[in-house]
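Data block below; observations after.
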Amino acid sequence: MEGLANLGINLPTLLAQIINVAVLFGLLYLVAYRPIMRMLDERSRKIKESMEQTEFIKQQAERAEEETAKRIEAYQSEIENL
Numbered sequence: 004m005e006g007l008a009n010l011g012i013n014l015p016t017l018l019a020q021i022i023n024v025a026v027l028f029g030l031l032y033l034v035a036y037r038p039i040m041r042m043l044d045e046r047s048r049k050i051k052e053s054m055e056q057t058e059f060i061k062q063q064a065e066r067a068e069e070e071t072a073k074r075i076e077a078y079q080s081e082i083e084n085l
C-alpha cells in the first residue's frame, strides 16, 4: 500500500474511479449503444427491402419492354401484310 502511495496512487480513489467508469460504460450501453444498433438494424432492413422492391420493379419493366417489342413486331408484320 505504501508503494502505491509513493507512486501517487490512492487506492480508494482508484477503485472508485474504476467503478465509476464501469457504471458509465454500462449506462452508455443501455442508453446509447442498444438504441443506435436497433436503429441501424432497422435502416439496413429498410434498405434491403427497397433493393428487393427495386429489383422486382426492374424485372417488371423488362417484361413490359419485351411485350411491347413483340407487339410492335406483330403490328409491323400486320401492316406489311396490308
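My numbering numbers the first residue of the sequence shown as 4 and each following residue consecutively.
Think of the CB as a built atom: it goes at the ideal place given N, C-alpha and C, for glycine as much as any other residue.
Just so we're clear, the structure is a prediction, and the values are computed from it rather than from any experiment.
Can you tell me the Cα-Cα spacing of residue i and residue j, whole angstroms?
{"i": "ASN23", "j": "LEU31", "result": "12 Å"}
{"i": "ILE50", "j": "MET42", "result": "12 Å"}
{"i": "THR71", "j": "GLN56", "result": "22 Å"}
{"i": "ARG66", "j": "GLU58", "result": "12 Å"}
{"i": "MET54", "j": "MET40", "result": "21 Å"}
{"i": "GLU81", "j": "ILE75", "result": "10 Å"}
{"i": "ALA64", "j": "PRO38", "result": "39 Å"}
May I ask which residues mark the beginning and end of the alpha helix (DSSP H) holding residue i?
{"i": "TYR78", "result": "37-84"}
{"i": "ILE21", "result": "14-31"}
{"i": "LEU7", "result": "5-9"}
Less than 6 Å between C-beta atoms, sequence neighbours within five positions excluded: which residues of the same chain meet that for residue i?
{"i": "GLU69", "result": "none"}
If you drop the 5 nearest sequence neighbours on each side, which residues of the same chain put their C-beta closer than 7 Å to that of residue i?
{"i": "SER47", "result": "none"}
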